[in-house]
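*Asks:* Take a look at this one; I'll ask things after.
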Amino acid sequence: MASGNYERSMNKTTQVRLSKILAVSLACSFLLLIYFLPPTQTPQVQGPSIEQQKADWLAQPMTDVNTGFEPYTSSGYTPSQIKSAYNLPASGGSGATIAVIVAYDHPNIESYLATFSSAYGLPAPDGSNFEIYKMTSTYEPDPTNRWSLETCLDVEWAHAIAPQAKILLVEAVDGGLSLLDAVEYATSRPDVVAVSMSWGGPEESWMPSLDTYFDKPVAFFAASGNAGAQVNWPAVSSYVVAVGGTTLNLAGDGSVLSETAWSKSGGGISAYYNQPRYQTDFGLPGSQRSVPDVSYNADSSTGYSVYCDSGWTIVGGTSAGAPQWAAIYALDKSATHTNLYQSAATNYAASFRDIVLGANNGSSATLGYDYVTGLGSPLTINYDFSLDVSPSQGTAGGSITLTGTSFTAGSSVNIEYLNPQTSTWTPLASNLPVSSRTFTYTATAPDLLQNNLAGDNPPLSDSIIYRATDNSNGRTVNSTDSYVEMRRGLTIVDSAVASGIFGNNTDLSSAVAVYNSHTVTITGAWFKPGTAGLTWDSTSDLGTASIDEAGSFTAAVTVPTATTGKHTITVNDGASDFCFELTYLDESLPPLTTLPEGPQIAVFAAAFATLAFVLWAKEKRVINN
740 MASGNYERSM NKTTQVRLSK ILAVSLACSF LLLIYFLPPT QTPQVQGPSI
790 EQQKADWLAQ PMTDVNTGFE PYTSSGYTPS QIKSAYNLPA SGGSGATIAV
840 IVAYDHPNIE SYLATFSSAY GLPAPDGSNF EIYKMTSTYE PDPTNRWSLE
890 TCLDVEWAHA IAPQAKILLV EAVDGGLSLL DAVEYATSRP DVVAVSMSWG
940 GPEESWMPSL DTYFDKPVAF FAASGNAGAQ VNWPAVSSYV VAVGGTTLNL
990 AGDGSVLSET AWSKSGGGIS AYYNQPRYQT DFGLPGSQRS VPDVSYNADS
1040 STGYSVYCDS GWTIVGGTSA GAPQWAAIYA LDKSATHTNL YQSAATNYAA
1090 SFRDIVLGAN NGSSATLGYD YVTGLGSPLT INYDFSLDVS PSQGTAGGSI
1140 TLTGTSFTAG SSVNIEYLNP QTSTWTPLAS NLPVSSRTFT YTATAPDLLQ
1190 NNLAGDNPPL SDSIIYRATD NSNGRTVNST DSYVEMRRGL TIVDSAVASG
1240 IFGNNTDLSS AVAVYNSHTV TITGAWFKPG TAGLTWDSTS DLGTASIDEA
1290 GSFTAAVTVP TATTGKHTIT VNDGASDFCF ELTYLDESLP PLTTLPEGPQ
1340 IAVFAAAFAT LAFVLWAKEK RVINN
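What the sequence shown shows, in this note's numbering, is residues 740 to 1364, in sequence order.
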């Protein structure tokens, strides 16, 4: 019994141990299996394709409504107030067509425009100044109920700023990318000069591929957005003038009290568009497109009177600026990107009201360009108001031509130049008649009496800026480029040839040695056109040389009898003396300048060695014999 019990006890113990071993083995096997199994792949969530993004994209109208006004009254800003604030003319735009691109159908828009026009003394809409083009014969209702007010704002205020222009309202099928079909139709019309797009949305990576719609010979203007520091398309396109927003406060008499950055004005730096040439040339930092380009009153608290579905209302938003900037373009056809930035570079104060106060939720308005208001709000319609000088480089006293563009016909201009030596403006012409908007004036470049510095150095120059003042309105413009006036110098004196140019009072005595009756050739550059007189030591007349219009001359002078040593030759072009020194040798000595210095020594040494060898050989032969 004892042994049987023991065996049974051992069997149970063994079974328990085996069970534990088996459990541990299974656990280890499971862990090893888990360790060596390939890692579980996390499912990748695929976003919508680009084509799906395009299909889903919807534009937002950029209106901002003032809900705190007394309804049914036209208590917002009027056309005359806005024109006065921005220095815009009372009329204009004849022969130009402004295309306004919107979504959905607006059957009552012509009636609304008629009411608005009657209230402000504007031409009533008819077939000659207002046209609607429908992109489809059947429209779905606007699901946002926002496009009607956008349409009223755009049409009425484009008409207000350019009363004689034609307004072409193009109604897209919906608020998606079908808006681009409407753009394409508008740009196919030869009468359309400007396109207004008061809508948009945040930029996406695929949007630059749509630039073919805007790369057309018309001007595009788009609202920069009402969400603050956000870059919106289509305003961000390099082909579109992006219009930001301001808050314009007027006094009771209509004068401007202040204009500050609107807190909702859209702007920033694009993630997908490279910086265009016009911004690079202006000096904006970085390598990406910046928006906005310009600005306009957009705050609904200082908004515009608009007549629409519910009668009169006050509306703002950057969408108010896009059609009005398009109208400004129609008035003069000069508000292009290049002209806008060039005007800011050369004549900022006369072209823009620089907005320096206020901010949105990402940037502040600053002196010059900023990401809230761009270059600023308009103070003119003439953005090709310019003064060009030709040639861009020349000599003192040379002939120049000044060409002015967009001056007041029938008025006169005053022209002056800035002397870089004295930093003073010097009158050049007064009350020059301007029979048309463009004038041409031929003058002589002022002689600043500047010479290149002594020695053989790179040529120096002085930059002269010209300025013209339109006497009808006091507006001034500086020359687009300065006139680069080269300083006098010599390029050749006898055997000495300058690597750059020889300046005034250059000592050439170690390089040029002459003797009695020696002919010295002198070549000069950038002297005053006319005749140059040359003298030896300011006493002996060496004759004259003709200086051409480019300021160049070549003179061949005969050296008079003189004492051995340094002497001075002076060139006078009728305005100033230009001198250099050379060495006069005793006439009994051969000229040392007939051979270059290095080879001359080598030749003499070789000749001497040869002669010595011949004499030695001859002497040795005689002795041996």
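Cβ coordinates follow ideal geometry from the N, Cα and C atoms, glycine included.
Apart from the five residues just before and just after PHE1266, which ones in its own chain have a Cβ nearer than 6 angstroms to its Cβ?
*Replies:* Translated into the one-based positions of the sequence shown, residue 1266 becomes position 527. Excluding residues within five positions, the ones whose Cβ falls inside 6 angstroms are ARG1227, ILE1286, GLY1290, ASP1312.
*Asks:* Tell me which residues share the same chain as PHE1091 and place their Cβ nearer than 8 angstroms to its Cβ, disregarding the 5 neighbours each side in the sequence.
*Replies:* For the purposes of this step, residue 1091 is identified with residue 352 of the sequence shown, where counting begins at 1. Answer for PHE1091: VAL1033, SER1082, ALA1083, LEU1114, GLY1115, SER1116, PRO1117, LEU1118, listed in chain order.
*Asks:* With C-beta atoms as the reference, is ILE840 less than 8 angstroms away from ALA911?
*Replies:* For the purposes of this step, residue 840 is taken as the residue at position 101 of the sequence shown. For the purposes of this step, residue 911 is taken as the residue at position 172 of the sequence shown. Their beta carbons are under 8 angstroms apart, which means ILE840 touches ALA911 by this criterion.
*Asks:* Pairing CB atoms from the stretch 959 to 967 with CB atoms from the stretch 1054 to 1066, are three or more of them under 8 angstroms?
*Replies:* Judged by Cβ distances under 8 angstroms, the stretch 959 to 967 makes contact with the stretch 1054 to 1066, as three or more pairs qualify.
*Asks:* Check the DSSP bridge columns for GLY1368 and list the partner residues they point to.
*Replies:* Given that the chain is displayed from residue 740 to residue 1364, the structure contains no residue 1368 and the question cannot be resolved.
*Asks:* For ASN1365, which residues from the same chain have a beta carbon less than 7 angstroms from its beta carbon, with the 5 sequence-adjacent residues on both sides left out?
*Replies:* A question about residue 1365 goes unanswered here, because the residues of the chain that appear run from 740 up to 1364.
*Asks:* Which parts of the stretch 1108 to 1161 are runs of the beta strand (DSSP E), unbroken and 3 residues or longer, counting only runs that do not cross its ends?
*Replies:* 1125 to 1129, 1132 to 1134, 1138 to 1144, 1151 to 1158, all fully within the stretch 1108 to 1161.
*Asks:* Could you tell me which of MET936, ASP1093, LEU1079, ARG1214 sits nearest to THR985, measuring between CA atoms?
*Replies:* The residue you call residue 985 lines up with position 246 of the sequence shown. If we check each option's Cα against that of THR985, ASP1093 comes out closest.
*Asks:* For HIS1076, name the three-state secondary structure that DSSP assigns.
*Replies:* Taking the sequence shown and counting its residues from 1, one reaches residue 1076 at position 337. In the structure shown, HIS1076 sits in a helix (DSSP, three-state: H, G or I).
*Asks:* Quick one: residues in its chain with C-beta nearer than 6 angstroms to the C-beta of THR1183, no 5 flanking neighbours on either side, listed in chain order?
*Replies:* To locate residue 1183, count along the sequence shown from 1; it is residue 444. Here the set comprises GLY1136.
*Asks:* At the level of alpha carbons, what is the spacing between ILE1154 and SER1169?
*Replies:* By one-based count along the sequence shown, residue 1154 stands at place 415. By one-based count along the sequence shown, residue 1169 stands at place 430. Rounded to whole angstroms, ILE1154 to SER1169 spans 6 angstroms at the Cα level.
*Asks:* Using alpha carbons as the reference points, say which of GLY1194, ASN1100, ASN1212 lies closest to PHE1146.
*Replies:* Against the sequence shown, residue 1146 aligns to sequence position 407. It is ASN1212.
*Asks:* Could you tell me which residues DSSP puts in a beta bridge with ALA886?
*Replies:* Position 147 of the sequence shown, counted from the first residue, corresponds to residue 886. Checking the displayed sequence, the identity of residue 886 turns out to be Trp instead of Ala. Paired residue(s): none; TRP886 is not in a bridge.
*Asks:* Using the three-state DSSP reduction, which class does SER1238 fall into: helix, strand or coil?
*Replies:* Reading the sequence shown from its first residue, position 499 is the one you call residue 1238. In the structure shown, SER1238 sits in a strand (DSSP, three-state: E or B).
*Asks:* With DSSP collapsed to three states, give me the class of TRP1164.
*Replies:* Walking along the sequence shown from the start, residue 1164 turns up at place 425. Note: TRP1164 maps to strand in three-state DSSP.
*Asks:* Taking just the CA atoms, how far does TYR1222 sit from GLY1133?
*Replies:* Residue mapping note: residue 1133 aligns to position 394 of the sequence shown, counting from 1. Residue mapping note: residue 1222 aligns to position 483 of the sequence shown, counting from 1. Rounded to whole angstroms, GLY1133 to TYR1222 spans 8 angstroms at the Cα level.
*Asks:* Given a cut-off of 8 angstroms, decide if SER937 and PRO1031 are closer than it, judged by their beta-carbon atoms.
*Replies:* Sequence index remark: in the sequence shown, residue 1031 carries index 292 (1-based). Sequence index remark: in the sequence shown, residue 937 carries index 198 (1-based). No, the pair does not count as a contact, with Cβ atoms beyond the cut-off.
*Asks:* Considering just the uninterrupted stretch of the beta strand (DSSP E) at LYS873, what are its terminal residues?
*Replies:* Against the sequence shown, residue 873 aligns to sequence position 134. Unbroken beta strand (DSSP E) run through LYS873: 869 to 873.
*Asks:* Starting from VAL1310 and walking both ways along the beta strand (DSSP E), at which residues does that stretch end?
*Replies:* Translated into positions along the sequence shown, residue 1310 becomes position 571. Segment 1304 to 1311, the beta strand (DSSP E) holding VAL1310.
*Asks:* Determine the burial state of ASP1020: buried for a count of at least 16 other Cβ atoms within 10 Å of its Cβ, exposed for fewer.
*Replies:* Position 281 of the sequence shown, counting from 1, holds the residue named residue 1020. Exposed is the call here.
*Asks:* Under the DSSP definition of a beta bridge, which residues are partnered with LEU987?
*Replies:* To locate residue 987, count along the sequence shown from 1; it is residue 248. GLU998.
*Asks:* Would you list, in sequence order, the uninterrupted beta strand (DSSP E) runs of no fewer than 3 residues that lie entirely inside the stretch 1227 to 1299?
*Replies:* Entirely contained in the stretch 1227 to 1299, the beta strand (DSSP E) runs reaching 3 residues are, in chain order, 1228 to 1232, 1235 to 1241, 1258 to 1264, 1269 to 1275, 1279 to 1286, 1292 to 1297.
*Asks:* Could you check if ASP1038 is buried or exposed, using at least 16 other CB atoms within 10 Å of its CB as the buried criterion?
*Replies:* Position 299 of the sequence shown holds residue 1038. Label assigned to ASP1038: buried.
*Asks:* Which class does ALA899 belong to by DSSP, given the choice of helix, strand or coil?
*Replies:* Locating residue 899 in the sequence shown gives position 160, counting from the first residue. Three-state DSSP puts ALA899 in a helix.
*Asks:* Locate the alpha helix (DSSP H) running through PHE959, then write down its first and last residues.
*Replies:* Within the sequence shown, residue 959 is the residue found at index 220, counting from 1. Looking at the DSSP string, PHE959 is not in any alpha helix (DSSP H); the run it does join, the beta strand (DSSP E), is 958 to 962.
*Asks:* Taking Cβ positions, are THR1307 and LEU1273 nearer each other than 8 angstroms?
*Replies:* For the purposes of this step, residue 1307 is identified with residue 568 of the sequence shown, where counting begins at 1. For the purposes of this step, residue 1273 is identified with residue 534 of the sequence shown, where counting begins at 1. No. Outside cutoff.
*Asks:* Tell me the residue span of the beta strand (DSSP E) that contains ILE1203.
*Replies:* Looking up residue 1203 in the sequence shown gives position 464. Counting along the chain, the beta strand (DSSP E) containing ILE1203 begins and ends at 1200 to 1209.
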